[in-house]
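J.: Numbering (our numbering) for the sequence shown: 590 to 1358.
Let me give you the structure first, and then I'll get to my questions.
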Amino acid sequence: MFLNNQNFENRSPGSSPNINPAEKILDLKNPQIIYKIRLESAHNDNLLHLDLEKSDTHTSSSDQHLELSSPPKLDKKNKNFNKVHDLVDNKKKIRIGSARKIKTKIHIDDEEENFRDSHSNIAQTAGDLAISLMRPPKPKVQAIKKLTNTKRSTRQKKVSLVQNQTQDSYLSNSIPESISITNPLTIQELSKLICVQETDIIKYLFLRGISVTINQTIDASIISSVADNFGIAVASSKEQDNLYSTNLSTDSCLNNAGNYVKRPPIVTVMGHVDHGKTTLLDYIRKSNNANKEVGGITQTIAAYEVEYISKSNKQKIVFLDTPGHEAFVSMRSRGANLTDIAIIIIAADDGIKPQTIEAIKHIQKAGVPFVVAISKIDKDISNVDIIEQDLLKYNVMSETLGGQVPIIPISSITGYNIDKLLETITLLAELENLQADPSQPAQGVIVEAHLDKSHGPVATLLIQNGTLHTSDNMVIGSAYAKIRAIISNAQKKIDSAKPSSVIEIWGLSAVPDAGEIALVVKSDKEAKLKAFENTSKNSVIAQKQKTLNSRITLDTLSNTNSKDLSKQISLIIKTDNQGSTEAILDSLSQFPQSKVQLNVVSIMPGEITATDVELASTTSANLIGFNTNFAPGAKQAAAKFNIVIENYQIIYALIEDVIGRMEDLLDPEYSEIQVGEAEVSTVFSLANRKIAGCRVTNNKLLKNSWIKVIREEKVIYQGKIESLKRVREDVEEIQAGNECGIFISEFQLWQPGDKIHSFDLVPKQKSLS
């Protein structure tokens, strides 16, 4: 309360309803400020608290107040006065109590207006000062807890709502009756495919003893098991070998003019390794590539343009030379799908081999006409008829037997029948009526691609339709290009390339996969947009790497234990081109992984760099190069991180080395070779040791040989004979029909009638299967 002394003295105690007559008034040192003091008892301490607050008309009558006015009306000897005065002077000991009304804004109530003296401006100023001295009230603990619980319950409601929405989204999509799978999937991908929650799939596999995560890749066998559990039929169909169809889309063509003209044929030469494919092309091209090949085998698809004079007319033929080694199955498949006509080479002195059969199947599946050329007849001409008969097993009937397949004996050394072979190819090309439209934007297929240290990503392109010009914009899978340079088959820069041309292009954004379709588009923006759209699709290389690293299969889990699963080899491989990358992945995927797991951390074309060395050090992987070079700083980094880099030039050497590294991790395995048998006749003690008195019943017993002690058709002990005695002499062996004593320190439970089988352990050859 804020009053003037004079006004208070002239006012009667009952004149104002807001003034308690029992309250006493005392004027302190500052006559302008009147303090209202409330005495409270804090527990049992009887502490005195001073409240600096405005008068509250709703104060309970039970509260006791001491109001201060002028000094003469209060005896200073009074103890209560002394206590109050000390508290007022010593501000550090004043505890400001909480106001009875918690106000967030400073304002004056109407009741307080009535209480004040309207003629006193000093009282108004004092009241404002009193209000300004108040501290903001602390929030109550219960209110904070209640607010926190409210926030927590709101958060839980949101989480529950999200979970319900996720579950509803799965329920809204009906579970399909059947699915078709072509490659391994992650748990997340499978969940979206069959419209079943990931947790349900993981739970089902866990109950079957297969522990997986949401990003774990599982193979077709586990996918089929999961689908069967949820009542979904699985149509497992392998991806078609014709991944790179020659029937290219014309949606991106800038015009649709139908100016079709005759184009040169594309001929693929296929066959088993070392049957004379490259030698044939060397004779036709007047070159000597066969002698330049490392290891005497072709390890990449080579494309050549050959001009052949037939009937006084110069004709162009494009030849594709495919590898014959079993590791390059993808290249042979790609060659069969790129070609117009195929030539199958069979060596007369070797006959039909596995890759010959594989080539026949690729060609028959692609549905292209082909010619069988029996090479090396200068070595053995007598096998020609036998080979013709053997080809009947594979639905290949020669023209001499009433079929439609020309079979021509040739010799690439003497040139015998080479002209006849070329004439037959020309005739088949005329029958096929091969045409293309040079006025169209170029369309083609990537034959090979690699990373060049001078020109960046470089690709060998076979143009199948249209004409490619310098500065054209192309999209090649997830890569795009603004053609910077076109290199002809004769290694010369040209401005344009027509259909059935094999060229090298520069200016790509990345190294494309071999076999990718290349299309010219209108602008650089469109090329980048389409390439970005294709990035969501896994490339062939990425898909094969994903399949190889998918190590969880039903067979693996049933045939191995946790100890076997810990054995793993990680590889980082740098190759010369994409074709080699694909071939190496195909070969590695054939390795059994039931005993040792194989993990390809990275595989790509290019030089071995210091970054590859650091990655190998971090992942504890083996760093391998194939027909590639070292970038500056790579060897220094290898020495620093103590990384051994193996660089191979022949693919089967690389494959054999990887197999050897995997076999080195295998535990030794032994086979038991039976040596002899014996039977325990009696047991006697000698110096607190049990000695088995035995009689040899079959063959012999040898000292330090392995034995099995069999009692009631159960093996109760397996170990080595430590001591073998005859009477009192130590012997090395006991023949059948003789008696002996056997002592083994770790086995003392002999009983008469025990059977003893002696055997030797012979180490087995290590095998991954």
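From the three backbone atoms N, C-alpha and C, an ideal C-beta is built for every residue, glycine too.
Taking the C-alpha atoms as reference points, what is the distance between residue 1121 and residue 1133?
T.: As a first step, residue 1121 is located in the sequence shown; it is residue number 532 there, counting from the start. As a first step, residue 1133 is located in the sequence shown; it is residue number 544 there, counting from the start. Cα to Cα, the separation comes out at about 21 Å.
J.: Within 10 angstroms of the Cβ of residue 1056, are there 16 or more other Cβ atoms? Answer buried if so, exposed if not.
T.: Along the sequence shown, one-based indexing puts residue 1056 at 467. Residue 1056 should be labelled buried.
J.: Applying the criterion that 16 or more other CB atoms from any shown protein chain within 10 Å of the CB defines a buried residue, is residue 1105 buried or exposed?
T.: Here residue 1105 refers to the residue found at position 516 of the sequence shown. Label assigned to residue 1105: buried.
J.: If distances are taken between C-alpha atoms only, which option among 1214, 1200, 1240 comes closest to residue 1226?
T.: Stepping through the sequence shown from its first residue, residue 1226 is reached at position 637. Among 1214, 1200, 1240, the Cα nearest to that of residue 1226 belongs to 1200.
J.: Judging by CA-CA distance, which residue of 889, 1210, 857, 897 is the nearest neighbour of residue 1012?
T.: For the purposes of this step, residue 1012 is taken as residue 423 along the sequence shown, with counting starting at 1. It is 897 whose Cα lies nearest to the Cα of residue 1012.
J.: Should residue 907 be labelled buried (16 or more other beta-carbon atoms within 10 Å of its own) or exposed?
T.: To locate residue 907, count along the sequence shown from 1; it is residue 318. Flag for residue 907 reads buried.
J.: So, with DSSP's three-state summary, where would you put residue 1338?
T.: On the sequence shown, position 749 is the one that residue 1338 refers to. In the structure shown, residue 1338 sits in coil (DSSP, three-state: anything other than H, G, I, E or B).
J.: Which two residues bound the contiguous beta strand (DSSP E) that contains residue 1172?
T.: Position 583 of the sequence shown holds residue 1172. Residue 1172 -> not in any beta strand (DSSP E); alpha helix (DSSP H) instead, spanning 1167 to 1177.
J.: Is the beta carbon of residue 1006 closer than 8 Å to that of residue 996?
T.: Counting from 1 along the sequence shown, the entry for residue 996 is found at position 407. Counting from 1 along the sequence shown, the entry for residue 1006 is found at position 417. No; because the gap between Cβ atoms is not below 8 Å, this pair is not in contact.
J.: Drop a sphere of 10 angstroms on the beta-carbon of residue 961, count the other beta-carbons inside from all chains shown, and report buried for 16 or more, exposed for fewer.
T.: Locating residue 961 in the sequence shown gives position 372, counting from the first residue. Result: buried.
J.: Here's a check: name, in chain order, each residue in its chain whose Cβ is nearer than 6 Å to the Cβ of residue 869, leaving out the five neighbours to either side.
T.: Stepping through the sequence shown from its first residue, residue 869 is reached at position 280. Closer than 6 Å at the Cβ level, and outside the excluded window around residue 869, lie 1001.
J.: What is the DSSP secondary structure of residue 1315, reduced to helix, strand or coil?
T.: Taking the first residue of the sequence shown as 1, we reach residue 1315 at position 726. Reduced to three states, the DSSP call for residue 1315 is strand.
J.: Taking buried to mean at least 16 other C-beta atoms within 10 Å of its own C-beta, is residue 1190 buried or exposed?
T.: Position 601 of the sequence shown, counted from the start, is the residue given in the question as residue 1190. Residue 1190 comes out buried.
J.: Would residue 910 and residue 957 qualify as a contact pair, given that the criterion is a beta-carbon distance under 8 Å?
T.: Walking along the sequence shown from the start, residue 910 turns up at place 321. Walking along the sequence shown from the start, residue 957 turns up at place 368. It is not a contact, given that the beta carbons lie outside the stated cut-off.
J.: Which residues in the same chain as residue 1024 place their Cβ atom closer than 8 Å to its Cβ, once the five residues preceding and following it in sequence are excluded?
T.: Taking the sequence shown and counting its residues from 1, the one referred to as residue 1024 is at position 435. Once the five neighbours on either side are set aside, the close Cβ partners of residue 1024 are 849, 850, 851, 852.
J.: At the level of alpha carbons, what is the spacing between residue 1232 and residue 1206?
T.: Here residue 1232 refers to the residue found at position 643 when the sequence shown is read from its first residue. Here residue 1206 refers to the residue found at position 617 when the sequence shown is read from its first residue. Answer to the nearest angstrom: the Cα atoms are 7 Å apart.
J.: Grab the span of the beta strand (DSSP E) containing residue 897 for me, first residue to last.
T.: For this step, residue 897 is matched to residue 308 along the sequence shown. Per DSSP, residue 897 belongs to the beta strand (DSSP E) from 891 to 899.
J.: From residue 1086 to residue 1197, what does the alpha carbon distance come to, in whole angstroms?
T.: Position 497 of the sequence shown, counted from the start, is the residue given in the question as residue 1086. Position 608 of the sequence shown, counted from the start, is the residue given in the question as residue 1197. Approximately 33 Å between the Cα atoms of the pair.
J.: Helix, strand or coil: which one does DSSP assign to residue 764?
T.: Taking the sequence shown and counting its residues from 1, the one referred to as residue 764 is at position 175. Residue 764 falls in the coil class under three-state DSSP.
J.: Where in the stretch 1267 to 1331 do unbroken runs of the beta strand (DSSP E), each at least 3 residues long, occur, reported from the N-terminal end onward?
T.: 1279 to 1291, 1295 to 1300, 1303 to 1309, 1312 to 1315, 1322 to 1324
J.: Using the DSSP secondary-structure output, state which residues sit across from residue 1004 in a beta bridge.
T.: Sequence index remark: in the sequence shown, residue 1004 carries index 415 (1-based). BP columns for residue 1004 are empty, so no partner.
J.: Which of helix, strand or coil does DSSP assign to residue 803?
T.: Within the sequence shown, the letter at position 214 stands for residue 803. Three-state result, residue 803: coil.
J.: Quick check on residue 1257: buried or exposed, where buried means 16 or more other Cβ atoms within 10 Å of its Cβ?
T.: Along the sequence shown, one-based indexing puts residue 1257 at 668. Burial call: exposed.
J.: Under 6 Å Cβ to Cβ from residue 955, same chain only, skipping five residues before and after it: list those, please.
T.: Residue 955 sits at position 366 when you count from the first residue of the sequence shown. Setting aside the 5 residues that flank it on each side, residue 955 is surrounded in the same chain by 925, 926, each with a C-beta closer than 6 Å to its C-beta; the list follows chain order.
J.: Kindly identify the DSSP beta-bridge partner or partners of residue 1057.
T.: As a working note, residue 1057 is residue 468 in the sequence shown. Residue 1057 is bridged to 1086.
J.: According to DSSP, residue 1046 sits in a beta bridge with which residue or residues?
T.: Along the sequence shown, one-based indexing puts residue 1046 at 457. Note: residue 1046 sits in a beta bridge opposite 1040.
J.: State the start and end residues of the unbroken alpha helix (DSSP H) segment that holds residue 945.
T.: One-based indexing of the sequence shown puts residue 945 at position 356. 943 to 955 is the extent of the alpha helix (DSSP H) around residue 945.
J.: Which residue or residues does DSSP assign as beta-bridge partners of residue 1071?
T.: As a position in the sequence shown, residue 1071 is number 482, starting the count at 1. According to DSSP, which records beta bridges pairwise, residue 1071 is partnered with 1062.
J.: When the Cα atoms are used, what is the spatial distance from residue 1345 to residue 1264?
T.: Numbered from its first residue, the sequence shown carries residue 1345 at position 756. Numbered from its first residue, the sequence shown carries residue 1264 at position 675. Looking at the two C-alpha atoms, the distance is approximately 11 Å.
J.: For residue 1003, is the classification buried or exposed, using 16 other Cβ atoms within 10 angstroms of its Cβ as the cut-off for buried?
T.: Locating residue 1003 in the sequence shown gives position 414, counting from the first residue. When all chains shown are included, residue 1003 counts as exposed.
J.: Assuming residue 1247 contacts residue 1267 under a Cβ cut-off of 8 Å, what Cβ separation, rounded to an integer in Å, is found between them?
T.: Residue 1247 sits at position 658 when you count from the first residue of the sequence shown. Residue 1267 sits at position 678 when you count from the first residue of the sequence shown. Rounded, the Cβ-Cβ distance is 47 Å, inconsistent with contact.
J.: Quick one, which of 1340, 1249, 1171 has its alpha-carbon nearest residue 1039's?
T.: Translated into the one-based positions of the sequence shown, residue 1039 becomes position 450. The candidate whose alpha carbon is nearest that of residue 1039 is 1171.
J.: Going by Cα to Cα distance, which pick from 984, 863, 1108 is closest to residue 935?
T.: For the purposes of this step, residue 935 is identified with residue 346 of the sequence shown, where counting begins at 1. Looking at the Cα atoms, 863 is the closest of the given residues.
J.: Any contact of the stretch 1308 to 1315 with the stretch 1324 to 1344, i.e. 3+ C-beta pairs under 8 Å?
T.: yes
J.: When DSSP labels each residue in this structure, what does residue 965 get in the three-state scheme?
T.: The residue you call residue 965 lines up with position 376 of the sequence shown. Per DSSP, reduced to three states, the secondary structure at residue 965 is coil, with no helix or strand assignment.
J.: Report yes if the C-beta distance between residue 1036 and residue 1053 is below 8 Å; otherwise report no.
T.: Position 447 of the sequence shown, counting from 1, holds the residue named residue 1036. Position 464 of the sequence shown, counting from 1, holds the residue named residue 1053. Going by C-beta atoms, residue 1036 is not nearer than 8 Å to residue 1053.
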